[in-house]
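Novice:
There are 4 protein chains.
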Amino acid sequence: MSRAWSLEEIAKHHTRSSCWVVIKNKVYDVTEFLPEHPGGAQIILKYGGRDATAAYEPIHPPDALDKNLSSDKHLGDVDAAAAQQITKERESRKKTKDEIRMEEAQARKPPLSRILNLRELEEVAKSVMSYKAWAYYSSATDDEITYYENMRAFSRFFFHPRVLVPVSKCDPSTTVLGFKSSIPVFVSGSALAKLGHPLGEANITRGAGRTNIIQMVSSNASLSYEQIAHSRISDSQPLFFQLYKHKDDKVAEQRVREVVGLGYNAIFLTVDAVVPSARERDIRAPFVLEDQEREAEQQPAADGQQKSTQETPRKPSDVDEEANVNVFGTAGGLIQFDDIDMSWKRTIPWLRGVTKLPIVLKGIQRVEDAVLAMEAGVDGIMISNHGGRQLEYSLPSIEVLYKLRKQRPDVFDKLEVYIDGGIRRGTDVLKALCLGAKAVGLGRPFLYAQGAYGEEGVVKAVQILEREIVTSMRLLGATSVKDLVPEMVERVDWQPRFKL
Amino acid sequence: MSRAWSLEEIAKHHTRSSCWVVIKNKVYDVTEFLPEHPGGAQIILKYGGRDATAAYEPIHPPDALDKNLSSDKHLGDVDAAAAQQITKERESRKKTKDEIRMEEAQARKPPLSRILNLRELEEVAKSVMSYKAWAYYSSATDDEITYYENMRAFSRFFFHPRVLVPVSKCDPSTTVLGFKSSIPVFVSGSALAKLGHPLGEANITRGAGRTNIIQMVSSNASLSYEQIAHSRISDSQPLFFQLYKHKDDKVAEQRVREVVGLGYNAIFLTVDAVVPSARERDIRAPFVLEDQEREAEQQPAADGQQKSTQETPRKPSDVDEEANVNVFGTAGGLIQFDDIDMSWKRTIPWLRGVTKLPIVLKGIQRVEDAVLAMEAGVDGIMISNHGGRQLEYSLPSIEVLYKLRKQRPDVFDKLEVYIDGGIRRGTDVLKALCLGAKAVGLGRPFLYAQGAYGEEGVVKAVQILEREIVTSMRLLGATSVKDLVPEMVERVDWQPRFKL
Amino acid sequence: MSRAWSLEEIAKHHTRSSCWVVIKNKVYDVTEFLPEHPGGAQIILKYGGRDATAAYEPIHPPDALDKNLSSDKHLGDVDAAAAQQITKERESRKKTKDEIRMEEAQARKPPLSRILNLRELEEVAKSVMSYKAWAYYSSATDDEITYYENMRAFSRFFFHPRVLVPVSKCDPSTTVLGFKSSIPVFVSGSALAKLGHPLGEANITRGAGRTNIIQMVSSNASLSYEQIAHSRISDSQPLFFQLYKHKDDKVAEQRVREVVGLGYNAIFLTVDAVVPSARERDIRAPFVLEDQEREAEQQPAADGQQKSTQETPRKPSDVDEEANVNVFGTAGGLIQFDDIDMSWKRTIPWLRGVTKLPIVLKGIQRVEDAVLAMEAGVDGIMISNHGGRQLEYSLPSIEVLYKLRKQRPDVFDKLEVYIDGGIRRGTDVLKALCLGAKAVGLGRPFLYAQGAYGEEGVVKAVQILEREIVTSMRLLGATSVKDLVPEMVERVDWQPRFKL
Amino acid sequence: MSRAWSLEEIAKHHTRSSCWVVIKNKVYDVTEFLPEHPGGAQIILKYGGRDATAAYEPIHPPDALDKNLSSDKHLGDVDAAAAQQITKERESRKKTKDEIRMEEAQARKPPLSRILNLRELEEVAKSVMSYKAWAYYSSATDDEITYYENMRAFSRFFFHPRVLVPVSKCDPSTTVLGFKSSIPVFVSGSALAKLGHPLGEANITRGAGRTNIIQMVSSNASLSYEQIAHSRISDSQPLFFQLYKHKDDKVAEQRVREVVGLGYNAIFLTVDAVVPSARERDIRAPFVLEDQEREAEQQPAADGQQKSTQETPRKPSDVDEEANVNVFGTAGGLIQFDDIDMSWKRTIPWLRGVTKLPIVLKGIQRVEDAVLAMEAGVDGIMISNHGGRQLEYSLPSIEVLYKLRKQRPDVFDKLEVYIDGGIRRGTDVLKALCLGAKAVGLGRPFLYAQGAYGEEGVVKAVQILEREIVTSMRLLGATSVKDLVPEMVERVDWQPRFKL
């Protein structure tokens, strides 16, 4: 079966009726896979009949081909001439404007020791990552109201600190589902870490291991679940798994069994992302990059005979364009085959039947659903609006937590409550804990940390949070997470000046 | 009677005592009509004795002359020499700065496939339409407080989404006065679509027909009611008529009977626009354009002998000016002869006597009037402040709806309630529906859509809304409009960061 | 006594022990008056021994010298040579940067017909008036919080308009203390109109007369009370007098008797300005102008040998400066001798004893004082914080009115209530009337109107207000001021976007 | 023991095993002191083996060496050649960019007579002080929320002024712990005045003495407590002492006994600063200055052969950097050895046992702690959040005072209550007094005043406050601090436009 293919032969297969692609010098027949590709057939066809490695790698785990393509579609390797040609083309390829910007930013980036807070990590990440990565990580739904309000909402909660309390001994550690954590913080699941850094999720795994916090791994990670498990610094390092449930229960079950087998320690079932939302910055990213390149191309020609920009029509025709516009963006592809008909009655029992691991519902957004979760007997809930990336105008997470604390304090006794969304400072963490959260998740900040500085960035992020948490606990008069109580927090009736 | 006139002959008639104008090579004696012209005599006199086609066309339906001028005032055609001269002058006319800007913007405008939301349609429209059109469409009363608050008000309503609800089947359709609509959205009545696009209201009619939503046609449309009816994609496509009631009941009755005869399906009686308000951007538009041209004229002269701008006094004398300033703007003219003395007691029964069509009151702005409408037995009310174009500091529509829901939920059982004003996103639509609206109207967004891309723009606008509505319904845990209930919405006590 | 003086002789008298000044070619000995000068001795000494006409005229009524200087201090005229010399110097004087700016702005100012609202009048006034005038008119206390909040507060009041009400007959007129007014607006007292326009307060008197509204004349007017009375367009034109009570009851009584004799129709006693406040823009104005001139002087020298700015030290020594800094600004001087010990018990009965005219207290700022006023039996109160020019953080006037309406509606039955502060639109007027005000006062807008366009500007301002008031009344469903009731207004719980 | 050392000999001692420094031509062996240095060993090692005077002086009181170093570590003087060399180096040292900026600003600064308010003093200070000083004084924790909210909070309190009250006699004086003060204002303790002005805290001492207000002296003053006491203008001038309690009770007791012996009159125990917080501007200051110098160095080289900035890598290696980054900033060093285990039970009695002076707790931030303080029998409490420099999201001081007044008015009868944080205007002072404060403290404004103009700046600051206080009292209808009552103040429900 396996043979070596010439580029000429490969090039013939670039249509819907026969579509081959080359990934790392291997040839695959993806014709039958086209309609099943989560990101759409069009994007594959764009690379039909040629090398697709550069586009493929940052957004697929290495086992994606094995999992999705039967072995008879693995047609073999390219031949020596082809391999040489591919290498040559890769090496001679002109850098894009975005790549040049990234290189310059890398040369200028501040030493990690100078980074004082998570926002600075984000700024560095924005400067050194590709625009595509930045757009995917930072984007949120529609006008990004919930994204921003998640953060702003914290600024309406103030402290009532106690003075004259001995605080030399101050322990910020806690447990999450029984697993120890050095601070009441874990890494919230987020997809495609490789977009931001070549080592991807493993940066986070190792960084979390070294600082004794827990990572929640997304179903849509860009490394395989196994690679991530193997990246742990010890076998006892806990890992949580964020399950995007496939619409086919069997496929979903297979996914759960895989991570159980790999030693993952809990299942966080995503319930707030049944359909893709419009994350406009992400969707717009290809246009932005295309326009940038077109501009760049026009500028060199400008020196000599200065062609009028009117002559070369700037805009692609609508017909060509249609193919390039994916209204669901990067994220849409990821969840295209997920279960849109999950229900309290069917899905929780199904998951209980598949695994004995603790189950947490991630994406609870109202008090009534917290109560339903309690009644369903899950081990925890995560108040989350997906970082403002799913339903626009979902309430800020801390506001939902505040409501839950006031309306149904009993829920906190029956299960563990976590929140994520908008947490950027140690004081944010403490506000959530005062209101009853057992721990909080941070998503983007860890993506930015690894995007900016790799594993060391992740370690730094935890160190920053730890310092902020311990300092603020002491100034609050608290020496352990048990001392953090609702009376220590007040929701004020004005909006502080909060810069975004 | 009909003969061919020379330009010399025509030119003699440019005064109040004898005023002729040429429209599309036809000669009209408008002397007696001068005092009745809704836009004022002065603007006609400006074109007295010469061709007025360019100024006339974009703001008058083609049957305006027939309806307003007895046939003996149709004096005949211009002669061949005159026709040639008019054509020559039109063709040799120097483009204005505004026209040049529009052409450049047309060349640069993005392909429709890249448009992601209604706001982008608005931006494109602003760039490609004439300043006059933009000023007329976008202007609102005084300081535009109600205009902006209409939009900002929606940002204070957040959702309580339900998770773990099967949502694969999700139907956003509804009925309005019994007529089916693919989404709970209709086109709110708005005047003068031809200002923004040569095909005018027909763009909207066809776009609405193709997407199965309903258009409300304004009494002040720039196509005739008949042209619009004939633009429907099928005879069963419903149309609503927005009635501006003429002060003369007979004239008003004639208008109603005309649209009934043409097959329109409901009457929306405008009750919030008895007198013109000060839409300052619209009123100011002629000055802005005049100043722009004057500046443009002075610049070419600047190369050689650079005359000081002091020498040629920039400003017109007050005497000349007075004629040009119309403190009621474009809109003022449109409603100058409307009924300023409508009343609950007289007007509703009169309208009931004229037609059997469903009657909706458009422009209800307080709870008490919603109750009066219910008692008056109308079929529906439309909570509206005319898009902030009539009474400044009228409450935002969504706030009035919220009050009505809280204070008089019974009203919703007796008649259909709609709102317009400030709706730009699918989430806005859903908030209104949760609070009890049967459907919502959008005015400006459709004017902008057709101004930017004609009929295709209108189709795109509906597609955007549909995608936003369906996505958000699913993320809310709703599969039909009946699932949208008040408990799903909360009015928060802070003002989110909402960019305008 | 009267003789002709040479400039040489006059020049000898420039010290505290003998100080003469020339005003309009007349010579005055002001030595004894120095300590009594409300603006301080220093400012007079600056002009000691020379012509002071240009500085004197814009801020003093013509009878100021007669009222303050005994006739033996009128030393006579300058001699012919002196008169010639003074004229020559005046004519050859180099224009200041500020004067040049004013002239250019006058040449560019828009025709009055294009002015659509009061804010545009303000903009024109700012451009054409002297900086000193602008600084004096526009300045408010400290950080100008109350000044801005006066305006912003109105934006929190929204309407509940009634539709389907016949409004063709709509009468905005009312009475103030029994005097007819074409609209419920009067001119609030304000000082020094001549600073902004050479004809000063008379512009307002005639403009008010022509439009049938009432002017309140300040004790600190820059024309004499008699000049103003004589500027009326008929003897029946009412005038109100704003009394700043002198600390010496006799002097104060004399002032009242003077205006009673001149036919003024009511006394508005100022109660919120017992001491000068810090209007920092006004105080800073001399520094700003001085720095501007210094800069201007340095620039011409720059062409040839470009002296370093370091060489000519920019700043005056502290010693010189002290004299120029008047921490009370222009306004401080005006009220320096006013009664700082007025009281309910003493002052109201005193005033009642002096005149039978209606008495209004201007400057009530809390509910309790409105009640005290009612008990004291005055004819009216004016809720005012002096346009934000006296106590910083006094509540916005409309907020005090709103409180009074809610807490003590009985007060409105016993006396007339007016307000001023922050009113710029017809809708503002109507909000105040709905809440119980009989009429409202506008101060700065009329100063700006006359500063920009003289008497015609004042007429225009009233026309704008009338159009805005009538239009809004009709859209509110009100046909007379009696229809304006509290139920038509709601104070909302959010802050609208209000541009300042 | 004492001998004269050569620079060669001294230069050998620059390591942890032997570290000498030269301060004012004296040689010290600080090897054993390295681990105890509050600012860290690293910063001393940077100057090991050489002259450290310039770095040492602005942030250490002159007795710091005596207090911290046993006399046998005072090794003697430098020799004559060394002294000459040190002087020569100091004189020939190139000025930094920051020093050049400061000199230019000094030349341009306005005369003191033109300064109208405290904010202008701050602006001048910012312009003339070193960046390091500005960063240390102005910085606050994290995102500076509490710092800004302290100020903004005052803007939500408005007055209810009384009119027609005789106010010619108006006395703003009060007592603080029985000591007379000309106005109800004292200087709040703040460290390191020498950073801003070479005469340091003595500027404040003399300025306070001349204007009859009281200075609270920080434990971390940059002059010795004795120098400050000797700077008083008379022996009867009261001084308060702000105690940062050392963790060793004996050391702490010694500190108290020293100031008691020097005649200080009260102890303000700091309770809100048990650990250093992250004042990021302060921490970042060294990087900012370093980058500024590096840039400055690269620019001269740019004229001739223009080296690419890429070639000389801009950023220091992480290894070098680590040493320079002090995450606690300047302030961290100051409190490093303070008592982190103070308690109600232990610390108050201990302090009572050490001194008979009045005791005030500085840093109370919630109602419950005010009550505990009352029960502990202290003489006063100071509601303070350390100017936003300790716990981020501590409530604004005026809000805590407002709560205390509403919830526990009894506390005000048992002890004196002061506040600091955000006070910049006389009206701020009066709001606090109306709500029950006996007096208020200002910290930064006095540091800025002395930084900008030395002692005269401090006098000016008090004069400004006095004028603002007296003017506002009179306009409020109050003639003594006793007239200032809660009814005069209202907390409004909107956020005024408050510029920062």
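Chains as they are written, first to last, in the UniProt record's numbering: chain A, 1 to 500; chain B, 1 to 500; chain C, 1 to 500; chain D, 1 to 500. Yeah, the Cβ is synthetic: ideal placement off N, Cα and C, and Gly gets one too.
(1) Only counting the same chain, and skipping five residues up and downstream in sequence, which positions put a Cβ closer than 7 Å to that of D:Ile-335?
(2) Considering only residues of the same chain and omitting the five flanking positions on each side of D:Asp-248, which have a CB-CB separation below 6 Å?
(3) Taking A:Glu-123 as the query, report the chain B residues whose CB atoms sit under 7 Å from its CB, ordered along the chain.
(4) Taking the beta strand (DSSP E) that B:Thr-175 falls in, what are its first and last residues?
(5) Answer yes or no: does any C-beta atom of chain D fall closer than 8 Å to that of A:Lys-444?
(6) Which of the three DSSP states is assigned to C:Glu-8 in this structure?
(7) Could you check the C-alpha separation between D:Ser-222 and D:Ala-461 for me, to the nearest Å?
(8) When the distance is taken between beta carbons, is B:Phe-240 closer than 8 Å to B:Met-216?
(9) Determine the burial state of B:Gln-15: buried for a count of at least 16 other Cβ atoms within 10 Å of its Cβ, exposed for fewer.
(10) Measuring straight from C-alpha to C-alpha, what distance separates C:Trp-494 and B:Arg-491?
(11) Sort A:Val-458, A:Tyr-147, A:Leu-484 and A:Met-102 by Cα distance to A:Gln-390 and report the nearest one.
(12) For A:Phe-241, decide whether its Cβ has a neighbour in chain D, counting only Cβ atoms nearer than 8 Å.
(13) Let me see if you follow: with CB-CB separation under 8 Å, is D:Asn-150 close to chain E or not?
(14) Quick one: which chain D residues come within Cβ less than 8 Å of A:Val-167?
(15) Below 8 Å on C-beta distance, what does C:Thr-347 contact in chain D?
(16) Since C:Gln-242 is in the beta strand (DSSP E), which residue starts that stretch and which ends it?
(17) Note down the Cα distance separating A:Leu-177 from B:Ala-153, rounded to an integer number of angstroms.
(18) What three-state label does DSSP hand B:Ala-302 in the structure shown?
(19) State the Cα-Cα distance for the pair B:Asp-379 and B:Arg-257, rounded to the nearest angstrom.
(20) At the level of alpha carbons, what is the spacing between B:Trp-350 and B:Ser-343?
(21) By the 10 Å Cβ neighbour count, where 16 or more other Cβ atoms means buried, how is D:Gly-261 classified, buried or exposed?
(22) Helix, strand or coil, according to DSSP, for D:Glu-418 in the structure here?
(23) Where do the ends of the alpha helix (DSSP H) carrying C:Arg-101 lie?
(24) Spell out whether any CB of chain A is found under 8 Å from the CB atom of D:Trp-344.
(25) Provide the residue(s) that pair with B:Gln-215 in DSSP beta bridges, ordered along the chain.
(26) Name the chain B residues that come within less than 9 Å of A:Ile-283, Cβ to Cβ?
(27) If the criterion is Cβ atoms closer than 8 Å, does the pair D:Arg-281 and D:Ser-138 meet it?
(28) With a threshold of 6 Å on Cβ separation, who are the neighbours of D:Ile-398 within its own chain once the five nearest residues in sequence on each side are excluded?
Specialist: Taking the definition as stated:
(1) Tyr-244, Ala-273 and Pro-276
(2) So no residue of the chain qualifies.
(3) Correct list: empty, because the minimum Cβ distance to chain B is about 20 Å.
(4) Segment 174 to 176, the beta strand (DSSP E) holding B:Thr-175.
(5) This sequence places Arg at residue 444 of chain A; Lys is not what is there. It does not: the Cβ of A:Arg-444 has no partner Cβ on chain D nearer than 8 Å.
(6) helix
(7) 21 Å
(8) yes
(9) Per the sequence shown, residue 15 of chain B should be read as Thr rather than Gln. Flag for B:Thr-15 reads exposed.
(10) 12 Å
(11) A:Tyr-147
(12) False, the Cβ-Cβ gap to chain D never drops below 8 Å.
(13) Annotation note: the requested chain E is absent from the structure, which comprises protein chains A, B, C and D.
(14) Val-274, Val-275, Ile-340 and Asp-341
(15) Leu-164
(16) 239 to 243
(17) 41 Å
(18) Residue confidence is low: B:Ala-302 scores 46 on pLDDT, short of 50, so the model does not pin down where it sits. No coordinate-derived value is stated.
(19) Distance between the alpha carbons of B:Asp-379 and B:Arg-257 is about 19 Å.
(20) 10 Å
(21) exposed
(22) Here residue 418 of chain D is Tyr; the residue named in the question, Glu, does not match the sequence. Looking at D:Tyr-418 - three-state DSSP - the assignment turns out to be strand.
(23) 97 to 108
(24) yes
(25) Its beta-bridge partners are B:Val-187 and B:Leu-239.
(26) Leu-116
(27) yes
(28) Ala-153 and Phe-154
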